[in-house]
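Read the structure below first, then the notes.
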Ligand code: BG6
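In the UniProt record's numbering, the protein residues as written are 5 to 495.
The structure is reproduced here in C-alpha cells:
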C-alpha cells in the first residue's frame with residue numbers, strides 16, 4: 005500500500021473516545037511503525053484548551069488506557085509534535101477554514117497530497133453538520149484519498165439511518181464512508197472468518213443438520229456510568245444488539261464469500277442479515293426479553309439501580325438487558341435459533357459465542373452424552389475450545405466431557421492489537437472490509453425495528469427487573485427452552 009502522508013482530524017477531541025481509544029490506538033500504531041512517515045493529527049473541539057495541556061491529557065489517556073502501558077518519553081515527544089488542538093465550534097465556518105489552512109500547509113510542507121481522514125467522535129447530532137461543512141469547504145472530495153469515519157449510533161431507527169445514509173451519499177461516495185463497529189476490529193472476532201473458512205473440519209458441519217443452536221452472549225459488569233444521558237434514550241437493543249451482536253451473528257451465519265475481498269465479504273454479511281426473520285408484536289414479547297437492573301452489588305461493591313444513575317429519568321423504562329431468540333430464514337439455518345444476550349451490571353464482563361452441536365442420533369453407550377460444543381471466547385480471554393466426550397480411564401466404559409483448548413496466550417507471542425488500532429489502520433489503507441456498508445446497517449435496523457416498535461407501544465409490558473450483580477432476568481433463561489437449560493455460564 006502506498007503510504008500517503010496522513011492528515012487525521014478528530015472531531016470531538018475532548019470526548020472520552022478520543023482519550024481512551026483513538027489517541028492510544030494512534031500512538032500504538034506510531035510506536036509499531038504503522039503510521040506513514042508524515043502525519044499530523046488535528047483534534048477539534050469547542051472548549052478552549054491550551055495545546056500543551058491537551059497533549060498532557062492525551063498522554064495521561066495513553067498511560068492509563070493503552071494496552072502497551074506507560075508511554076516511552078522519546079516516542080511520546082515525537083508523537084506529540086504531530087498532535088494539535090484546534091478550538092472550534094462545529095457549527096462555525098471559521099473552524100473549517102482554520103482546519104483547511106492547517107491541512108493545506110501540511111500538504112505543502114510534504115510537497116504531496118495527503119490522505120485526509122475525518123473521524124467523527126462526536127454526538128450523533130453533529131454528523132450532518134460536520135459532513136456538510138467538510139463538503140462545502142472541499143475538504144473531503146477526493147474519492148480514493150479522503151475518508152470519513154462515523155461512530156455508532158448510526159441513526160436511532162430505520163428511517164433516521166436511511167436519511168443519514170442518503171445525506172452522506174449526496175456528499176461523499178460510499179467508498180469514502182467508514183461506519184465503525186469496533187467489535188469487528190477485535191482480534192478474536194476477525195479470527196472467526198479464519199476459523200470457519202480456512203479449516204475444512206468445521207464448515208461441513210456448520211448448518212442446521214448438525215448445529216442445534218447458537219448463543220451469542222456479551223455481558224458487561226459496568227453499569228451506564230456517566231453515559232446515562234445517551235443510554236437512557238438508547239437502551240441495550242440500540243446500543244449493543246443492533247450493531248455488535250448482529251455483526252457477530254453475521255460472521256457466524258454468513259456463507260463463505262467467493263474471495264477475501266471487501267465488497268464480497270460485505271455482500272455475504274448483508275445477505276445473511278437480510279435473512280433474519282422479522283417479528284410481529286406478539287412474537288416480540290414471546291421471543292425477546294428485556295430487563296433493567298435494580299440496586300445490588302458486584303464484587304462486594306454496592307451498585308445503584310439504573311433509575312438512580314446520573315442523567316437517567318427516575319421512571320425510565322429503558323432496557324439495560326436484552327435476550328432474544330432470532331432465526332435466519334435460509335437453507336443453512338432454518339430452524340436453528342440464534343440466542344443473543346447482552347446486559348449491564350452483570351456479574352462478569354464476557355463476550356462468548358457458543359455453537360451447540362446436536363446430540364448423536366444413535367446411542368450405543370449407557371451414559372448420557374453431552375453434545376459437542378464449540379466455545380469461541382472473544383474477551384476477556386481469547387480462546388476457542390471444543391467440548392467432546394471421552395472415556396474416563398478405568399476398567400469401565402464410562403464417559404465424561406473434556407475440552408480441547410486453543411488459547412492465544414499459549415499459541416502466540418505476538419501482541420494483540422486493540423480493535424481501534426486495526427480499524428484505524430484499515431481506514432488509512434482504504435480497506436473497508438471490517439466496516440459496515442449502508443445497506444447492511446439498514447438491514448440491521450430492519451431486524452430490530454419490530455422490537456423497538458412493540459416496546460414503544462407497550463412501554464411497561466414485561467420489563468423484567470434484575471438485581472445488579474445477578475445474571476439478568478430469569479425470563480431470559482426460559483427463552484432457551486427446549487434447546488438449552490441455561491446460558492453459557494459466566495466466569
Ligand atoms: C459500546 C457501547 O459500543 O460498546 C457500550 O456503546 C459498551 O455501552 C461497549 O460498553 C462495549 O464494548 P467492549 O469492547 O468493552 O466490549
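Glycine is no exception: its CB is placed at the ideal position from the N, C-alpha and C atoms.
Rounded C-alpha distance that separates residue i from residue j
| i | j | result |
| --- | --- | --- |
| residue 183 | residue 429 | 14 Å |
| residue 469 | residue 296 | 5 Å |
| residue 397 | residue 187 | 42 Å |
| residue 317 | residue 228 | 13 Å |
| residue 24 | residue 70 | 8 Å |
| residue 272 | residue 260 | 8 Å |
| residue 458 | residue 264 | 39 Å |
| residue 151 | residue 46 | 15 Å |
| residue 327 | residue 216 | 18 Å |
| residue 311 | residue 495 | 27 Å |
| residue 403 | residue 76 | 54 Å |
| residue 309 | residue 300 | 7 Å |
| residue 380 | residue 84 | 39 Å |
| residue 283 | residue 484 | 17 Å |
| residue 63 | residue 81 | 10 Å |
| residue 141 | residue 177 | 16 Å |
| residue 66 | residue 74 | 7 Å |
| residue 28 | residue 35 | 10 Å |
| residue 405 | residue 193 | 26 Å |
| residue 60 | residue 54 | 10 Å |
| residue 237 | residue 363 | 43 Å |
| residue 120 | residue 492 | 44 Å |
| residue 4 | residue 401 | It is not possible to answer for residue 4, since the shown part of the chain is limited to 5 through 495. |
| residue 385 | residue 417 | 15 Å |
Any non-hydrogen atom of the ligand BG6 closer than 7 Å to residue i Cβ
| i | result |
| --- | --- |
| residue 25 | no |
| residue 156 | yes |
| residue 226 | yes |
| residue 355 | yes |
| residue 244 | yes |
| residue 248 | yes |
| residue 505 | Examination of residue 505 is not possible in this model, given that the chain is present from 5 through 495 alone. |
In DSSP terms, what residue i is bridged to
| i | result |
| --- | --- |
| residue 292 | 328 |
| residue 91 | 49 |
| residue 390 | 378 and 408 |
| residue 10 | 43 and 119 |
| residue 154 | 124 and 183 |
| residue 400 | Paired residue(s): none; residue 400 is not in a bridge. |
| residue 219 | 343 and 358 |
| residue 280 | 332 |
| residue 301 | 306 |
| residue 467 | 294 |
| residue 15 | 48 and 124 |
| residue 97 | In DSSP, residue 97 forms no bridge with anything. |
| residue 383 | 355 |
| residue 395 | 403 |
| residue 440 | 183 |
CB of residue i within 8 Å of CB of residue j, strictly
| i | j | result |
| --- | --- | --- |
| residue 421 | residue 191 | yes |
| residue 9 | residue 118 | yes |
| residue 330 | residue 342 | yes |
| residue 293 | residue 157 | no |
| residue 298 | residue 472 | yes |
| residue 144 | residue 116 | no |
| residue 347 | residue 488 | no |
| residue 444 | residue 336 | no |
| residue 44 | residue 88 | yes |
| residue 199 | residue 465 | no |
| residue 189 | residue 424 | yes |
| residue 279 | residue 332 | yes |
| residue 500 | residue 345 | Since the first residue shown for the chain is 5 and the last is 495, residue 500 is missing from the structure and cannot be characterised. |
| residue 205 | residue 431 | no |
| residue 135 | residue 110 | no |
Assess, as a yes-or-no matter, whether the stretch 211 to 224 is touched by the stretch 300 to 309 under the definition of 3 or more beta carbon pairs within less than 8 Å.
-> no
Any chance the stretch 10 to 27 sits against the stretch 118 to 136, with 3 or more Cβ pairs inside 8 Å?
-> yes
Any contact of the stretch 42 to 59 with the stretch 82 to 97, i.e. 3+ C-beta pairs under 8 Å?
-> yes
Segment contact flag, the stretch 158 to 171 with the stretch 441 to 454, C-beta cutoff 8 Å, min 3 pairs | yes
Touching or not, the stretch 362 to 369 and the stretch 241 to 248, by the rule of three or more beta carbon pairs under 8 Å?
-> no
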